[in-house]
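Protein chains in written order, with the working numbering: chain A, 176 to 272; chain W, 5 to 175.
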């Protein structure tokens with residue numbers, strides 16, 4: 176089951192990367208990044224069956240970092256939306272205003 | 005039985021993530037993401053990571069997805085059905101390259117060291133002895149206690165950063 180989990184993790188990571196590359200809605204891009212983080216979590220858990228429980232502790236940390244990243248990223252999206260009235264990243268071309 | 009369950013969960017997870025990438029409405033995309041996260045929690049249970057499965061459902065599918073939903077409703081993006089999928093040669097090429105990379109990684113990792121490994125027995129013994137929470141709390145509060153404290157600081161910084169970024173500027 177470990178090999179199958181690694182293949183599933185690779186597939187989910189590819190789908191997440193594909194979503195980040197082809198979607199232009201900032202919120203859906205964020206969702207796809209969360210998908211990538213979950214794929215990595217799955218491979219951590221699968222490999223912890225081989226190398227001990229440390230992998231599950233790393234998954235715990237990855238979840239915390241994902242929560243912090245989601246909070247800050249959504250705050251940035253709100254702040255950008257106030258300025259441009261859209262979340263389509265094609266319209267974002269300034270670093271500062 | 006466990007194999008059948010694994011394949012069911014895997015199929016639901018892949019279908020859900022295809023829905024995340026392909027659906028037009030952000031709300032539909034978000035609900036597909038919840039389906040994917042729930043089936044990943046099922047896969048975690050099959051891999052004997054019970055505590056992480058619970059945390060996956062409570063924190064990810066509960067808290068973080070509700071945060072996303074709040075932002076979508078707050079900015080009124082639920083009817084934002086504009087066509088933003090970019091199908092073209094570049095996207096197909098990127099999908100092929102990343103897919104090849106992932107396939108290569110999974111075959112390399114999957115083929116190398118899967119025979120032995122004492123991790124499974126050690127984890128099962130720890131779960132029998134200390135319970136599902138104790139087995140992960142033991143290394144978390146001994147070996148990894150410094151990263152754990154740093155995680156607390158990270159969360160504090162994230163709270164302050166989100167407040168500063170999202171509040172209206174009063175000149």
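Each residue gets a CB set at the ideal place from its N, CA and C atoms; glycine is no exception.
Report all residues from its chain with a CB closer than 8 Å to the CB of residue i; omit the five preceding and five following residues, and keep chain order.
i              : result
residue 241(A) : 209, 212
residue 6(W)   : 50
residue 237(A) : 212, 215, 216, 219
Could you tell me which of the options sits nearest to residue i, measuring between CA atoms?
i              : options                        : result
residue 260(A) : 181(A), 201(A), 183(A)         : 201(A)
residue 132(W) : 54(W), 19(W), 16(W)            : 54(W)
residue 229(A) : 123(W), 157(W), 163(W)         : 123(W)
residue 180(A) : 227(A), 264(A), 214(A), 196(A) : 214(A)
residue 15(W)  : 134(W), 142(W), 42(W)          : 42(W)
residue 137(W) : 250(A), 232(A), 248(A), 265(A) : 232(A)
residue 59(W)  : 78(W), 44(W), 134(W)           : 44(W)
residue 48(W)  : 11(W), 26(W), 97(W)            : 11(W)
residue 234(A) : 152(W), 157(W), 18(W), 103(W)  : 152(W)
By Cβ distance, which residues of its chain are closer than 6 Å to residue i, with the 5 residues on each side in sequence left out?
i              : result
residue 130(W) : 139
residue 24(W)  : 33, 36, 37
residue 184(A) : 214, 217, 218
residue 21(W)  : 40
residue 264(A) : 199, 201
Output the boundary residues of the alpha helix (DSSP H) element that contains residue i.
i              : result
residue 259(A) : 229 to 259
residue 204(A) : 201 to 226
residue 132(W) : 123 to 145
residue 264(A) : Per DSSP, residue 264(A) belongs to no alpha helix (DSSP H) and is neither H nor E.
residue 11(W)  : 6 to 26
Point to revise | Ordered list of alpha helix (DSSP H) runs contained in the stretch 47 to 76 of chain W, each at least 4 residues | key: 54 to 59
Check your understanding: What residues in the stretch 197 to 216 of chain A bring their beta carbon closer than 8 Å to a beta carbon of chain W?
Key -> 197, 198, 199, 200, 202, 203, 205, 206, 207, 209, 210, 213, 216
Review point. Which of the residues in the stretch 243 to 257 of chain A, read from start to end, lie with their CB under 7 Å from any CB of chain W?
Key: 243, 245, 246, 247, 249, 250, 251, 252, 253, 254, 256
**Study point:** chain A contacts made by the stretch 150 to 161 of chain W, where a contact means CB separation under 7 Å
**Key:** 151, 155, 158, 159
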